[in-house]
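K.L.:
Residue numbers in the sequence shown follow this note's numbering, run continuously in steps of one, and reach 2151 at the last position.
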Amino acid sequence: MGYTPDKIRNITLLGHGGDGKTSLAESLLYLTRGTDRLGKVSDGNTVCDYDPEEIRRQFSISASLAPVEYKGFKVNFIDTPGFFDFAGEVMQALRVSESGLIVVTAKSGVVVGTEKAWKYCTDRKLERMFYVSKLDEDHADFAKVAAQLRDEFGNSVCPLQFPVMNGTNITCIVDVVRNKAYKADGMKLTEVPVPAEAAGTLETYRMELSEAVAETDDELLEKFFAEEPFTEDEFIKGVKQGIKSGTLAPVFCGAATTGDGTLALLQAIIDYAPSPLDAAPQLTVDGEELAADPDGPPTAFVFKTVTDQYGRFSYFRVMNGKITSDMSLINSRTGETEKLGRIYMIRGKKNIEVEEICLGDLGAVAKLNDTKTNDTLCTPGNVVTLQPIVFEKPCYSQAIKPKTKGGEEKIASGLARLRDEDQTFIAFNDPETHEYVVSGAGDMHLDVLCSKLRSKFGVDPELSAPKVPYREKIRKKVSVEGKHKKQSGGHGQYGHVKIEFEPCDSLEMVFEERVFGGSVPKNFFPAVEKGLRDCMDHGVLAGYPVVNLKATLFDGSYHEVDSNELSFKMAARLAFKAGMPIANPVIMEPIGSLKVYVPDANMGDVISDLNKRRGRVMGMNPTEDGLQMIEAEVPMAEMASYAIDLRSISQGRGSFELQFERYEDAPPMVQAKVIEDAKGTMQEEEE
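1) For Gln2115, which of helix, strand or coil comes out of DSSP?
2) Just to confirm my understanding: we take His1909, look at its own chain, exclude 5 residues before and 5 after, and list those with CB closer than 6 angstroms. What are they?
3) Can you confirm whether the segment 1644-1653 touches the segment 1721-1728 when touching is taken to mean that 3 or more C-beta pairs between the two stretches lie within less than 8 angstroms?
4) Tell me which residues share the same chain as Glu1518 and place their Cβ nearer than 7 angstroms to its Cβ, disregarding the 5 neighbours each side in the sequence.
5) Report the partner residues of Asn1619 according to the DSSP bridge assignment.
6) Below 9 angstroms between beta carbons: does that hold for Val1511 and Ala1530?
7) Should the segment 1819-1836 be regarded as contacting the segment 1796-1811, the criterion being three or more beta carbon pairs within less than 8 angstroms?
8) Given that a residue counts as buried once 16 or more other Cβ atoms are within 10 Å of its Cβ, and exposed if not, what is Ser1919?
9) Return the residue from the list Arg1588, Val1703, Phe1716 and Glu1675 that minimises the CA-CA distance to Glu1691.
10) Give a yes or no on contact between the segment 1850-1869 and the segment 1745-1759, applying the rule of three or more CB pairs nearer than 8 angstroms.
11) Do you know whose CA, among Ser2105, Asp1587 and Tyr1595, lies nearest Ser1572's CA?
12) If I follow the unbroken beta strand (DSSP E) through Tyr1860, where does it start and stop?
13) Output needed for Thr2145: all residues of its chain with C-beta closer than 6 angstroms, excluding positions within five of it in sequence on either side, in chain order.
14) What is the rounded straight-line gap between the Cα of Phe1716 and the Cα of Arg1501?
15) Among the residues of its own chain, which have a CB less than 6 angstroms from the CB of Pro1758, if the five just before and after it don't count?
16) Please say whether Asn1815 and Thr1763 have beta carbons closer to each other than 9 angstroms?
17) What are the complete beta strand (DSSP E) segments, minimum 3 residues, inside the segment 1928-2014?
18) If you follow the beta strand (DSSP E) that Pro1531 is part of, which residue opens it and which one closes it?
19) Taking the alpha helix (DSSP H) that Ile1853 falls in, what are its first and last residues?
20) I'd like the ranges of any beta strand (DSSP E) spanning at least 3 consecutive residues and lying wholly in the segment 1628-1708.
21) Are the CB atoms of Met2044 and Glu1976 nearer to each other than 9 angstroms?
22) Am I right that Ala1557 and Thr1569 are in contact with their C-beta atoms under 8 angstroms? What's the rounded C-beta distance?
23) Around the C-beta of Asn2085, are 16 or more other C-beta atoms found within 10 angstroms, so that it is buried, or is it exposed?
24) State the CB to CB distance for the pair Gly1906 and Ile2108, rounded to an integer number of angstroms; the pair is presumed to be in contact (CB under 8 angstroms).
25) Measuring alpha carbon to alpha carbon, tell me which of Ala1743, Glu1819 and Phe2018 ends up nearest Asn1784.
26) Expressed to the nearest angstrom, what Euclidean distance is found between the alpha-carbon atoms of Thr1668 and Phe1767?
27) How is Pro2086 classed by DSSP in three states: helix, strand or coil?
28) Take Gly1959 as the anchor and find which of Glu1966, Pro1967 and Lys1949 has the nearest alpha-carbon.
29) Decide yes or no for the touch test of the segment 2046-2054 against the segment 1937-1945: beta carbon pairs closer than 8 angstroms, at least 3 of them.
30) Based on the DSSP secondary-structure assignment, which residues constitute the bridge partners of Ile2051?
31) Could you give the distance in angstroms between the alpha-carbon of Ile1794 and the alpha-carbon of Lys1708?
32) Please list, in chain order, all residues of the same chain as Asp1772 whose beta carbon is under 6 angstroms from its beta carbon, the five residues on each side excluded.
33) At the level of alpha carbons, what is the spacing between Pro1659 and Lys1644?
34) CB-CB under 8 angstroms to Glu2151, same chain, minus the five flanking residues each way: which ones, in chain order?
35) So which of Ala1662, Asp1998 and Ala1581 has the shortest CA-CA distance to Ala2039?
36) Do the segment 2002-2018 and the segment 1970-1989 meet, that is, are 3 or more Cβ pairs less than 8 angstroms apart?
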């Protein structure tokens, strides 16, 4: 059926891995007849976790749509991964949602994933709601978790529902706003009397809610101070306003496996969550507002791309007007016209063809020519480019190569295809180390990419720590000569140079000449320079590029018949090989400028870890969001596993930025190891 924007709700399911987001989506679909069976993550048969990798690993890897239709409303739930390696999928979902429903378990309560989800919503000014899951498990304690949420996130947190328990059995769910209790009865909600033992809790939560509601409206505030009770309509109005303004974060609850609380949650979302018409206007890249007009020029934002054996699907949200099948729109990035063809509503991996998709709703279209994630589709006379999804920069890099020769092209083309779906990783050929490098959010992220390369593209890759691009330089001035002389019948070869090598500040080699008396003719100077530059790529210690070198040609000799450019190039190379070992050569290592963002409690451990990595802490400053920023300089060679290690040290709360700063002389022990490794590599290549 068709929907109008006021009947649409877009909700992103957020939270830590394993907190029950996928199971909640499954319960919502099953109880509204969106599916005919209740799937389980452990059985690998849920609607949202349909990718073979998700089924095998038993956790979500990508954002998945679960539209729920109930009482004339359509609620687009977007199930997102809870593991931080796949945070890019969360960013995609939040970009097209008005609200975030943060799932926490009644047993574990607030964990780092809860904190991150709250921050994601706060940063984007999205409405925030909580759902306490798994009430039917041992040691579940709703009251404890509700108090923990309030302590952690402030007095805006107010339970609008709470359970009445009999052991691990849910007697009923009490609605704080309506003063009523409900029990799940198959696929419907049945009202039951509020148990006597719940009266005290109900009164406490109603008082907390009254305080929160009073702050949303001056009239309600006066009524609150006059100690007059709010009516049900006043509560509902205040809750909606409080959620919209961010002064109220409601708490709901339930158990997905039994269905208790599921329909009550759905009804609450319909009652309180904002529709697309209530959301702030969309912004273009130029900072202009795009007002949401159901009858305006059609505009769609592509927030996700999925490829399968049938082709490529572009998931979009309608930001203005409505989108119909067979419509032609302009891609504002390319300027090209895209013919939409059939359009679909997506439920997990199921595509349901529809005639039109209204303002604020989510849909998908197949086989667009050159449309990617973050593109805006619009009408020719109203071309706009909406603000893109901002993904975090990749922070964990590994060299990738096939286990058997000949698979390099398959890896490169496979990663290019996967990049259409996942813009949170990059892959590139490192011109210095001659390795193909893939950079992502963490080891789990890269492991999933490798699994997809195996299953989709038939190539078996292996990962290894990428080589470090060291440098070599000299530390003292030397004068050497190089003589190339060869006679093999007919014309011979003769080149003779005397060159002075010394350190300088330039990364590129500086070449000068001060030849007197024509001992080396001018026409051979370029050959001498070329011969030296050819040698700069491979130093004498470990074969790394040479920098900070000045070479001055000051003397030599030539033969009128046998001298040529090749002879002087060879003579220059001989001089280079003779001069470098006696000029006190040294290995230089790349130094990075590091900024680490962590809570106060982790600062000591982080600084201690940086010291072990030979890092130098330069300073510490508090950030606006309550973290500490540690600034340091650290050798890049010590940072290969830092993304994983920092996550372990900070329980996932820390983040960092690292960029190359300069080269420094490596300590003697590091130099010795680099030289030893280089010799080992050369022996392997010779074998």
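Glycine is no exception: its CB is placed at the ideal position from the N, C-alpha and C atoms.
P.N.:
In short:
1) coil
2) Asp1549
3) yes
4) Ser1524 and Ile1525
5) Answer is none; Asn1619 lacks a bridge partner.
6) yes
7) yes
8) exposed
9) Glu1675
10) yes
11) Tyr1595
12) Tyr1860 to Pro1866
13) none
14) 24 angstroms
15) Pro1469 and Leu1823
16) no
17) 1935-1938, 1942-1950, 1957-1967 and 1974-1977
18) Ser1528 to Tyr1534
19) Counting along the chain, Ile1853 falls outside any alpha helix (DSSP H), and DSSP gives it neither H nor E.
20) 1633-1639, 1644-1649 and 1652-1656
21) no
22) No, Ala1557 and Thr1569 are not in contact; Cβ-Cβ is about 21 angstroms, not under 8 angstroms.
23) exposed
24) 6 angstroms
25) Ala1743
26) 42 angstroms
27) strand
28) Lys1949
29) yes
30) Glu1936
31) 34 angstroms
32) none
33) 10 angstroms
34) Low per-residue confidence applies at Glu2151: pLDDT is 48, beneath 50, and the placement is therefore not dependable, though the value from the model is reported in the following sentence. Here the set comprises nothing.
35) Asp1998
36) yes
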